[in-house]
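For reference, the structure is listed below as structure tokens.
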Amino acid sequence: EAQVTQNPRYLITVTGKKLTVTCSQNMNHEYMSWYRQDPGLGLRQIYYSMNVEVTDKGDVPEGYKVSRKEKRNFPLILESPSPNQTSLYFCASSPLLRAIEETQYFGPGTRLLVL
Amino acid sequence: GENVEQHPSTLSVQEGDSAVIKCTYSDSASNYFPWYKQELGKRPQLIIDIRSNVGEKKDQRIAVTLNKTAKHFSLHITETQPEDSAVYFCAAPQEKLTFGTGTRLTIIP
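Sequence lines, in order, name chains A and B.
Residue numbers for the first sequence follow the numbering used here, beginning at 696 and rising by one.
Residue numbers for the second sequence follow the numbering used here, beginning at 385 and rising by one.
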């Protein structure tokens with residue numbers, strides 16, 4: 696089954712404790728991205744990647760890191776989480792072609808609470 | 385920067401009535417306009433999209449209209465049903481794909 700998976704689905708952590716949220720897709724998509732969803736603010740892009748070893752900042756990259764060592768995986772790293780990073784996070788992928796004009800396939804979401 | 389504005393933020397309609405959600409965008413080079421539906425606790429999923437070479441696209445009870453001159457596009461849902469209750473997001477490519485802030489649609493039985 697073609698899908699995007701994320702782990703963990705729920706995470707409670709404390710300020711400053713490094714964490715990683717994994718994202719994997721099995722559709723051979725070149726383009727992958729991370730979004731955060733907050734009430735009243737919609738979906739805001741954190742980082743995106745056009746292909747292996749190619750990453751770029753989205754609209755709200757501060758406090759986050761990403762890597763793209765393999766085509767299927769695109770982990771989101773919070774080196775020192777803070778309470779303002781409490782949010783619902785979605786990973787998404789799409790075929791490159793003209794990636795922002797293609798269907799985005801979203802993962803199930805990761806709900807993060809930083810105390 | 386470039387943005388996408390979506391209205392209204394909340395919308396309640398009686399079951400069977402129609403619902404309309406509107407988005408405006410700023411980048412005149414945008415050529416692709418998708419709509420995503422997010423049910424409670426679920427991920428956003430594409431329900432319909434339109435490209436700039438057409439002014440309207442329909443899929444059963446949902447339709448999207450596009451006015452490139454005015455830079456706005458709208459989602460129309462007719463004969464609404466309880467399962468239409470969800471948050472709807474528009475999006476437009478503006479250097480990167482930019483999403484609207486969402487509309488929470490509630491269908492009143």
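Ideal Cβ positions, reconstructed from N, Cα and C, are used throughout, including at glycine.
{"Check": "beta-carbon A/GLN740 near the ligand NAD non-hydrogen atom, thresh 6 Å", "Outcome": "In the structure shown, the ligand NAD is absent, as is every other ligand, since no ligand is present at all."}
{"Check": "Proximity below 7 Å, CB of B/VAL388 to CB of B/THR453", "Outcome": "no"}
{"Check": "Straight-line gap, B/GLU399 to B/ILE461 (C-alpha atoms, nearest Å)", "Outcome": "11 Å"}
{"Check": "Test: A/PHE769 CB closer than 7 Å to a CB of chain B", "Outcome": "no"}
{"Check": "Separation of A/LYS764 from A/LEU736, as counted between CA atoms", "Outcome": "31 Å"}
{"Check": "Selection of the region 429-448 of chain B by Cβ proximity to chain A, strictly under 9 Å", "Outcome": "GLN429, LEU430, ASP433, ARG435"}
{"Check": "Exposed unless 16 or more other CB atoms sit within 10 angstroms - verdict on B/LYS421", "Outcome": "buried"}
{"Check": "Reduced DSSP category for B/ASP401 - H, G, I as helix; E, B as strand; rest coil", "Outcome": "coil"}
{"Check": "Close beta carbons around B/TYR409, own chain, < 6 Å, minus the five adjacent residues each side", "Outcome": "VAL388, LYS455, ALA476"}
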